[in-house]
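Engineer:
Number of protein chains: 2
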Amino acid sequence: MAALSTTSGVSVPTIKYYLREGLLEPGTPTGPNQADYRDDHVHRLRLIRALMDVGGLGVGAVRAVLDAIADPELSLHDLLGVAHQALGPPPDREPVPDDVVRARGEVDAFLEDLGWEIDGSHPARRALADALVALRRLGRDHPAQVFEPYAEVADHLAARELQTIPSESRGEAVEGAVVGTVVFEAALVALRRLAQVRHSAARFAAAGDERRRQFQ
Amino acid sequence: MAALSTTSGVSVPTIKYYLREGLLEPGTPTGPNQADYRDDHVHRLRLIRALMDVGGLGVGAVRAVLDAIADPELSLHDLLGVAHQALGPPPDREPVPDDVVRARGEVDAFLEDLGWEIDGSHPARRALADALVALRRLGRDHPAQVFEPYAEVADHLAARELQTIPSESRGEAVEGAVVGTVVFEAALVALRRLAQVRHSAARFAAAGDERRRQFQ
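As you go down the protein sequences, you meet chains A and B in turn. Sequential numbering of the first sequence, starting at 0, is according to numbering that gives the first Met the number 0. Sequential numbering of the second sequence, starting at 0, is according to numbering that gives the first Met the number 0.
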């Protein structure tokens, strides 16, 4: 287990925790306090860390995704659904406020106008409605159409992404779909922030320096 | 405070917690156990909730962003920097593994090739390198250029976003910049997942049904 920890960069207590939680299969016992771990274990640990560190998934969500990857009956489309469920947001627990109900209806109509046929219970529908509600509660009374430019680029990226998933080997494809969803989402978010900095420097940094000079 | 809780949809214990943490100013006392809260408080509470619920910020990060919004000396560009710091990832705590160091160098070169002039310590640089490392550790040995299509759309969106921030009133502009970063990021992520579902349905759902039939 010490060797597995060194190779994977995951600490021994964390590996023990994953074993207890059933995220990782036990190694083949080779002695009273020894077990043999193979490359499979290293790969599995890295997949778990990617889902947790990059995707922000909790233990329960990781287990759901790993179970789905291991289930040969699931289509890639189903698997993507499981990954998206794991990414959240979690199902409603409290009575849903009126403005959220309204926003969800508007998001549904917006997606229908786009011609996107998507399961009505997909969690990202709720996430999109939550974003609309957050804007409105802060006095920015946008219609759902404010998301149109985002839908356009999202559609462009997703079409490209789905084409690059290999469809020959299921093992490759399912992991590729999950990793792609989680890792490239993180990359997209990071790049948008970097691009904002670049454009804000052009527009606002000079103005700020000017303002500071006026204050002095 | 009960009225503030009803209007804002934030529970009384949570409001008390924000008061203790200094995220919210105390109301004007009107009696031994009474205080007057104004519209400012409702708005502030909604801003805090948007940063926490939609942006996933913790209390410390919210405080940093609110302080930055309140600081008239900060340019909008500086403010965006504070918001991005708050969004993470947090600074390195452990020795940085070799593959991460290497990926950071490649990300820096990639951004330079794009012609994006961005502060070398911006946290999203580290996030992008982490994404590259996660791919490689899972056996997907991509160069940083794999992010090129994402950089392209991110740049397109950011240019658009920075243009729509009003520059006349600082109060409006600073909040708009922060809210826009956080809320539209959540919307973009949600829309990418929805678009993936739509395209995966076209490509994989039928194949899965086929496979299931073969198994029966």
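Where a beta carbon is used, it is the ideal one built from N, C-alpha and C, also for glycine.
(1) Helix, strand or coil for proline 12 of chain A? Go by DSSP, reduced to three states.
(2) For the pair the stretch 149-159 of chain A and the stretch 52-64 of chain A, tell me if three or more CB-CB distances fall below 8 Å.
(3) The stretch 74-108 of chain B: which residues have C-beta closer than 8 Å to a C-beta of chain A, in chain order?
(4) So alanine 150 of chain A contacts chain B; which residues on that side make the cut at Cβ distance below 7 Å?
(5) Give the residues of chain B in contact with glutamate 184 of chain A, contact being defined as C-beta atoms less than 7 Å apart.
(6) Is it buried or exposed, proline 31 of chain A, if we count other Cβ atoms within 10 angstroms and call 16 or more buried?
(7) Please list the partners that isoleucine 14 of chain B has in chain A, where partner means a Cβ-to-Cβ separation under 8 Å.
(8) Any beta carbon from chain B within less than 7 Å of glutamine 215 of chain A's own beta carbon?
(9) Write down the C-beta distance between alanine 123 of chain A and alanine 189 of chain B rounded to the nearest angstrom, noting that I regard them as a contact closer than 8 Å.
(10) Output the distance between the C-alpha atoms of threonine 29 of chain B and glycine 104 of chain A, rounded to the nearest integer angstrom.
(11) With the cut-off set at 7 Å, would you say valine 177 of chain A and valine 132 of chain A are in Cβ contact?
(12) Rounded to the nearest angstrom, what separates aspartate 140 of chain B and arginine 37 of chain A at their Cα positions?
(13) Checking 7 Å against the spacing of the C-beta atoms, do alanine 200 of chain B and histidine 76 of chain A come in under that value?
(14) If alanine 85 of chain A sits next to valine 64 of chain A, beta carbons under 8 Å apart, how far is it from one beta carbon to the other, in whole angstroms?
(15) Counting C-beta neighbours from all protein chains within 10 Å, is the total for glutamine 195 of chain A 16 or more, i.e. buried, or is it exposed?
(16) Please report how far the alpha carbon of leucine 113 of chain A lies from the alpha carbon of isoleucine 14 of chain A, in whole angstroms.
(17) I want to verify the contact list: residues of chain B whose CB lies under 7 Å from the CB of glycine 8 of chain A, in sequence order.
(18) Closer than 8 Å between beta carbons: that is the criterion. Which residues of the stretch 136-150 of chain A meet it against chain B?
(19) Could you give the C-beta distance for leucine 110 of chain B and leucine 187 of chain A, rounded to a whole number, given that I count them as a contact under 8 Å?
(20) Go ahead and pull the three-state DSSP assignment for glutamine 215 of chain B.
(21) Is there at least one Cβ from chain A nearer than 7 Å to arginine 212 of chain B's Cβ?
(22) Within 7 Å of any Cβ in chain B, is that where the Cβ of aspartate 154 of chain A sits?
(23) Valine 9 of chain A: buried (16+ other C-beta within 10 angstroms of its C-beta) or exposed?
(24) In angstroms, rounded to a whole number, what distance separates the CA positions of glycine 0 of chain B and arginine 45 of chain B?
(25) Return yes when the Cβ of glycine 21 of chain B is within less than 7 Å of the Cβ of alanine 34 of chain B, no when it is not.
(26) If we cut at 7 Å on Cβ distances, does aspartate 43 of chain B have a partner in chain A?
(27) Looking at the secondary structure, which residues open and close the alpha helix (DSSP H) in which glutamine 195 of chain A lies?
(28) Starting from glycine 104 of chain B, follow the alpha helix (DSSP H) in both directions and report where the run begins and ends.
(29) What three-state label does DSSP hand aspartate 77 of chain A in the structure shown?
(30) Could you name the residues of chain B that isoleucine 117 of chain A contacts, counting a contact when the two beta carbons are closer than 7 Å?
(31) Can you tell me where the alpha helix (DSSP H) holding alanine 63 of chain A begins and where it ends?
(32) Exposed or buried, alanine 128 of chain B, counting other C-beta atoms within 10 Å across all chains shown (16 or more means buried)?
(33) Apart from the five residues on each side of it in sequence, which residues of its chain come closer than 6 Å, Cβ to Cβ, to proline 165 of chain B?
(34) Along the chain, where does the alpha helix (DSSP H) that runs through aspartate 38 of chain B open and close?
(35) Anything in chain E within Cβ reach of alanine 123 of chain A, meaning under 7 Å, just list it in chain order.
Structural biologist: Working from what's here:
(1) Residue state, collapsed to three classes: helix.
(2) Cβ pair count under 8 Å is below three, so no.
(3) Residues Ser74, Leu75, His76, Asp77, Leu79, Gly80, His83, Leu86 and Pro96.
(4) Those are Leu190, listed as they occur along chain B.
(5) At a beta-carbon threshold of 7 Å, the residues of chain B lying near glutamate 184 of chain A are Val188 and Arg191, ordered along the chain.
(6) Counting Cβ neighbours within 10 Å, proline 31 of chain A comes out exposed, since fewer than 16 surround it.
(7) Residues of chain A with a Cβ closer than 8 Å to the Cβ of isoleucine 14 of chain B do not exist, since the nearest Cβ in that chain sits about 16 Å away.
(8) With a pLDDT of 34 at glutamine 215 of chain A, under the threshold of 50, the modelled position of this residue cannot be trusted; read the value that follows with caution. When Cβ-Cβ separations below 7 Å define contact, glutamine 215 of chain A makes no contact with chain B.
(9) Between alanine 189 of chain B and alanine 123 of chain A the Cβ distance is about 4 Å, and since that is below 8 Å, they are a contact.
(10) Using only the alpha carbons, I get a separation of about 42 Å.
(11) Taking 7 Å as the Cβ cut-off, valine 177 of chain A and valine 132 of chain A do not qualify as a contacting pair.
(12) For the pair aspartate 140 of chain B and arginine 37 of chain A, the Cα-to-Cα distance works out to about 21 Å.
(13) Yes; because the gap between Cβ atoms is below 7 Å, this pair is in contact.
(14) Going by Cβ atoms, the distance from alanine 85 of chain A to valine 64 of chain A rounds to 5 Å, so yes, they are a contact pair.
(15) Residue environment for glutamine 195 of chain A: buried (at least 16 other C-beta atoms within 10 angstroms of its C-beta).
(16) Straight-line Cα distance between these residues: approximately 45 Å.
(17) Result: Pro96.
(18) The stretch 136-150 of chain A vs chain B, Cβ under 8 Å: Arg136, Leu137, Gly138, Arg139, Phe146, Pro148, Tyr149 and Ala150.
(19) The beta carbons of leucine 110 of chain B and leucine 187 of chain A sit about 15 Å from each other, so the pair does not count as a contact at 8 Å.
(20) Low local confidence applies: a pLDDT of 34 at glutamine 215 of chain B is under 50, so the model's placement there is unreliable, with the coordinate-based value given in what follows. In this structure, DSSP gives glutamine 215 of chain B a state outside helix and strand, which the three-state scheme calls coil.
(21) Note that arginine 212 of chain B scores a pLDDT of 43, beneath 50, so its modelled location is shaky and nothing firm can be said.
(22) For aspartate 154 of chain A, the answer is yes, since a Cβ of chain B falls inside 7 Å of its Cβ.
(23) Flag for valine 9 of chain A reads buried.
(24) Checking the displayed sequence, the identity of residue 0 of chain B turns out to be methionine instead of glycine. Methionine 0 of chain B and arginine 45 of chain B: Cα-Cα distance of roughly 15 Å.
(25) No, these two residues do not count as a Cβ contact at 7 Å.
(26) Rather than aspartate, the amino acid found at residue 43 of chain B in this sequence is arginine. Chain A contact via Cβ: absent.
(27) Where glutamine 195 of chain A is concerned, the enclosing alpha helix (DSSP H) stretches over 169-199.
(28) Element bounds for glycine 104 of chain B: 97-113.
(29) When DSSP states are grouped into helix, strand and coil, aspartate 77 of chain A belongs to the helix group.
(30) Per Cβ cutoff of 7 Å: Leu193, Val196 and Arg197.
(31) Per DSSP, the continuous alpha helix (DSSP H) segment holding alanine 63 of chain A begins and ends at 58-69.
(32) Counting Cβ neighbours within 10 Å, alanine 128 of chain B comes out buried, since at least 16 surround it.
(33) In its chain, beyond the 5 residues on either side, Glu171 and Ala172 have a beta carbon closer than 6 Å to the beta carbon of proline 165 of chain B.
(34) Judged by DSSP secondary structure, aspartate 38 of chain B falls within the alpha helix (DSSP H) whose first and last residues are 38-48.
(35) Any reference to chain E falls outside this structure, whose protein chains are A and B.
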